[in-house]
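Student: Quick one: the structure is below, and I'll ask about it shortly.
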Amino acid sequence: MTTYTGGCQCGAIRFRVSGDIKDSSICHCRMCQKAFGAYYAPLVSVRGADFEWTRGERKKFRSSNFVERGFCGDCGTPLTYEAPDGVAVAAGAFDDPSSLPPTIQWGVEGKIGFVDHLHELPGERTEADLAAGSFLSELVSYQHPDHDTPVWPPEDRT
């Protein structure tokens, strides 16, 4: 049985999924765009798998008469889409989102036209922006690492 872990950016909320996960998608509907603050929402259904929260408690927003959206109340990370037919977890909240590639797109009536051309844009590494943002050379990340930790944040963080 495969086990997946993940959580929010600040580490206040963590989860574990055990079992087969086959339904990974992207939703382009306007509601998902707003919920994720992005052009689309990458979601992974945990229907049929053993899903559990292992740290913290998410806050929820009822985005419609049937759906609640879970998120971290501390850092704002979108975490879940919770509907009568099951729960989907934000793909980027998994510790290894590359292991769950999307297999279908939903809500294509809301797809923004340029989304299909994003891969054509030039790409630069983060370090390439040092001239414009010299602070980047001294950046210290407080983001939770991509693995479970017994305690977070660490005591020695300054």
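According to the UniProt record's numbering, the residues represented by the sequence shown are 1 to 158, in order.
Where a beta carbon is used, it is the ideal one built from N, C-alpha and C, also for glycine.
1) For the alpha helix (DSSP H) containing cysteine 32, name the first residue and the last one.
2) Distance check for arginine 125 and cysteine 75, CA to CA, integer angstroms please.
3) Can you check which of these residues, Val67, Ala90, Phe71, Ile13, is closest to glutamate 82 by C-alpha distance?
4) Can you check whether the CB of leucine 100 is closer than 8 Å to the CB of cysteine 8?
5) Would you identify the three-state DSSP class for alanine 90, choosing helix, strand or coil?
6) Taking three-plus beta-carbon pairs below 8 Å as touching, is the segment 135 to 143 in contact with the segment 46 to 63?
Tutor: Answer, in terms of the structure:
1) Along the sequence shown, read from residue 1 onward, the residue named residue 32 stands at position 32. Element bounds for cysteine 32: 30 to 36.
2) Mapped onto the sequence shown, residue 75 falls at position 75. Mapped onto the sequence shown, residue 125 falls at position 125. Roughly 25 Å between the two C-alpha positions.
3) In the sequence shown, counting from the first residue as 1, residue 82 sits at position 82. Glutamate 82 has its Cα closest to that of Val67, out of Val67, Ala90, Phe71, Ile13.
4) Locating residue 8 in the sequence shown gives position 8, counting from the first residue. Locating residue 100 in the sequence shown gives position 100, counting from the first residue. No, Cβ-Cβ distance for cysteine 8 and leucine 100 is not below 8 Å.
5) As a working note, residue 90 is residue 90 in the sequence shown. Strand at alanine 90.
6) no
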